[in-house]
Structure formats: C-alpha cells, structure tokens
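Using my numbering, the letters of the first sequence map in sequence onto residues 3 to 101.
We put the CB at the ideal spot given by N, CA and C, even for glycine.
The next block holds one structure in the form of structure tokens; read it before the comments.
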Amino acid sequence: MNLDKKIYKKLLEVPKGKITTYGELAKAVGMKNGQRAVGKIMNKNPFPVIIPCHRVVKSDGKVGGYAYGEEIKSSMLTLEGIQIKNGKILDLENRIYRF
DNA sequence: GGTCCGGCACCAT
DNA sequence: GATGGTGCCGGAC
Numbered sequence: 003m004n005l006d007k008k009i010y011k012k013l014l015e016v017p018k019g020k021i022t023t024y025g026e027l028a029k030a031v032g033m034k035n036g037q038r039a040v041g042k043i044m045n046k047n048p049f050p051v052i053i054p055c056h057r058v059v060k061s062d063g064k065v066g067g068y069a070y071g072e073e074i075k076s077s078m079l080t081l082e083g084i085q086i087k088n089g090k091i092l093d094l095e096n097r098i099y100r101f
C-alpha cells in the first residue's frame with residue numbers, strides 16, 4: 003500500500019471529537035520525521051470530504067494550516083466539540099487520539 | 001516568542 | 001532516471 007494511502011487510513015481511525023498531530027500521524031505510518039511530508043500529502047489528499055484532515059493539528063497545540071483556510075478548519079473542529087482559543091486547541095492532551 | 005534548519009515524500013523540470 | 005523546489009511541520013536555538 004502506498005504511504006499516502008496508509009496515512010489516510012490512519013487518519014480515518016481518529017474518531018469525531020478527537021484529533022491527532024502531524025508528528026503522531028507520521029510516526030504511525032513509520033516516518034519518524036515525516037511531519038512535513040504528511041502535511042504535503044494532506045494538502046494533496048484526493049478525498050477532502052472523506053478524509054478528516056481538519057482533525058490533524060500541530061504538536062504545539064495550534065490548529066495549523068488548512069487547504070481551505072484555517073478558519074474553516076477551526077469551525078469544523080468546534081462543531082465536533084473541540085474548543086479553540088486564538089487558534090490553539092484547548093485541553094489538548096485530552097483531545098489527542100493516540101494510535 | 002520568533003527564527004532557522006533539519007527532514008521526507010511528491011512533483012515538475 | 002536524477003535533481004531541486006515545495007509543503008496544513010517539529011525541534012532546537
């Protein structure tokens with residue numbers, strides 16, 4: 003299976019209301035330092051509707067970027083019950099989904 | 001808290 | 001093929 007496919011599949015494991023980080027996701031598919039690669043792959047993701055790339059945030063707790071805009075991403079997360087303050091995830095440790 | 005550089009897959013030369 | 005630039009980052013300084 004392609005690496006990107008693996009990433010997408012892993013990401014689908016993240017339940018609604020939970021999030022993960024680029025680093026975690028990268029490690030989950032075997033890339034120790036592939037955070038940036040993950041970001042690029044997310045940006046190129048072929049199924050934007052199916053792939054919940056808005057559930058992936060930066061390891062410092064910030065929301066991070068998003069192909070359709072960070073506000074959109076924040077809104078989506080908020081709708082899923084995740085609280086955000088000034089672009090930062092509140093109660094991060096409690097929201098992170100670990101594979 | 002801001003900047004810099006490392007690191008990795010992808011795509012266009 | 002090989003090479004260089006790039007991107008929803010991360011960690012160090």
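### Query
Which partner residues of Lys80 appear in the DSSP bridge assignment?
As a first step, residue 80 must be located in the first sequence, where it is residue number 78. The displayed chain sequence assigns Thr, not Lys, to residue 80. DSSP output for Thr80 lists no bridge partner at all.
### Message
Closest to Met44 by C-alpha separation, out of Lys60, Lys87, Tyr10 and Asn35, would be which residue?
### Response
For the purposes of this step, residue 44 is taken as residue 42 along the first sequence, with counting starting at 1. Among Lys60, Lys87, Tyr10 and Asn35, the Cα nearest to that of Met44 belongs to Tyr10.
### Query
Rounded to the nearest angstrom, how far is the Cβ of Gln2 from that of Ala28, given a contact under 8 Å?
Residue numbering for the chain in the displayed model covers 3 to 101; residue 2 lies beyond these limits and cannot be assessed.
### Residues that DSSP places opposite Ile53 in a beta bridge
Locating residue 53 in the first sequence gives position 51, counting from the first residue. DSSP lists no partner for Ile53.
#### Entry: Beta-carbon separation (whole angstroms), Gly89 vs Val65, contact threshold 8 Å
Residue mapping note: residue 89 aligns to position 87 of the first sequence, counting from 1. Residue mapping note: residue 65 aligns to position 63 of the first sequence, counting from 1. Going by Cβ atoms, the distance from Gly89 to Val65 rounds to 5 Å, so yes, they are a contact pair.
### Query
Would a C-beta distance cut-off of 7 Å place Thr80 and Val58 closer than the cut-off?
Locating residue 80 in the first sequence gives position 78, where the first residue counts as 1. Locating residue 58 in the first sequence gives position 56, where the first residue counts as 1. In this structure, Val58 does not lie closer than 7 Å to Thr80 by Cβ.
### Query
Using the C-alpha atoms, what's the distance from Tyr68 back to Lys75?
If you number the first sequence from 1, residue 75 lands on position 73. If you number the first sequence from 1, residue 68 lands on position 66. So the two alpha carbons sit approximately 6 Å from each other.
### Message
Using a Cβ-Cβ cutoff of less than 7 Å, which residues in the same chain neighbour Leu5 once the five nearest sequence positions on both sides are dropped?
### Response
Residue mapping note: residue 5 aligns to position 3 of the first sequence, counting from 1. If we look at Leu5 and ignore the five residues flanking it on each side, its Cβ neighbours are Val31.
### Task
Within 10 angstroms of the Cβ of Tyr24, are there 16 or more other Cβ atoms? Answer buried if so, exposed if not.
Mapped onto the first sequence, residue 24 falls at position 22. Looking at its Cβ environment, which holds 16 or more other Cβ atoms inside 10 Å, Tyr24 is buried.
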